[in-house]
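All remarks here apply to the structure that follows.
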Amino acid sequence: MPLEYLREISRGSLPLEVSDLAQIDKLRVLAAADMVVADLPEVGKAGSAIVREITGYGRAALSAPSPNRPA
């Protein structure tokens with residue numbers, strides 16, 4: 051799930067290089083939702099993505115209560 055991947059990204063340091071296709075697809079969702087700033091390869095082309103930052107929207111999503119997390 052993209053939000054869980056965002057949580058994982060938030061625990062590391064940026065910039066982050068990502069080459070796994072499934073994770074790049076999650077980054078596409080997060081970038082479309084303005085939760086991350088990332089350089090993404092063109093769809094259908096090989097390459098890696100670079101996550102530059104987690105935006106305010108992304109940080110807000112991480113701090114919001116979740117049914118899967120205790121408040």
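Residues are numbered in my numbering as their position in the sequence shown, beginning at 1, plus a constant of 50.
The beta-carbon is built from N, C-alpha and C at its ideal position, and this holds for glycine as well.
Just so you know, these numbers come straight off a predicted model, no measurement behind them.
For E54, there is no enclosing beta strand (DSSP E); the enclosing alpha helix (DSSP H) has its first and last residue at 52 to 60.
For the pair K76 and A83, the Cα-to-Cα distance works out to about 11 Å. For D89, the enclosing beta strand (DSSP E) has its first and last residue at 86 to 89. Distance from V101 to I59 at the Cβ level is roughly 6 Å; contact confirmed, criterion being Cβ atoms closer than 8 Å. Between the alpha carbons of M85 and G97 lies a gap of roughly 21 Å.
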